[in-house]
Amino acid sequence: MLSDEEVIYETRNGKRKSLKYSEIQRIYREPLTYNPPKSYHIIGLIDSIRVDSISIKENLPDFEKVLQRIAEKTNRKIERPT
433 MLSDEEVIYE TRNGKRKSLK YSEIQRIYRE PLTYNPPKSY HIIGLIDSIR VDSISIKENL
493 PDFEKVLQRI AEKTNRKIER PT
C-alpha cells in the first residue's frame, strides 16, 4: 500500500512494515530471472548501517502504476536492463 509518506507492506510472516520514500535509494529490475514473473527491487537505506528492501513482481495488480508512483515520490529512476 502506498501512503503519502511511505510504502507499507507485509512481510512473509505477516508482520506489517514500512519504508519511507525519503529512505529509498534505488529501484531496479533484476538482470536475470530464473523464476518468473520478473521482480523489481526497492532498496532503502534506513541509517548508516541498516538496509531494507522490497520486491515487487510484475504479476501484482497495477504493477506499473505502483512502480511509477514510487519512482515519482522518491525522484528515483527505475533501472531496467537493456
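Just add 432 to wherever you are in the sequence shown, counting from 1, and you've got our numbering. A virtual CB, placed ideally from N, CA and C, is assigned to each residue, including glycine.
Margin query: If you reduce the DSSP assignment to three classes, tell me which class residue 492 lands in.
Written below: Coil at residue 492, not helix or strand.
Checklist line | Residue from 487, 436, 440, 501 with nearest C-alpha to residue 462 | finding: Nearest Cα to residue 462 within the set 487, 436, 440, 501: 487.
Checklist line | Closest by C-alpha distance to residue 513, when choosing among 468, 448, 460 | finding: Of the listed residues, the one whose Cα sits closest to residue 513 is 460.
Next item on the list: Grab the span of the beta strand (DSSP E) containing residue 452 for me, first residue to last.
Entry: Where residue 452 is concerned, the enclosing beta strand (DSSP E) starts and stops at 448-452.
Note to self: For residue 481, report the span of its beta strand (DSSP E) as first-last.
What the structure shows: Counting along the chain, residue 481 sits inside no beta strand (DSSP E), nor does DSSP assign it H or E at all.
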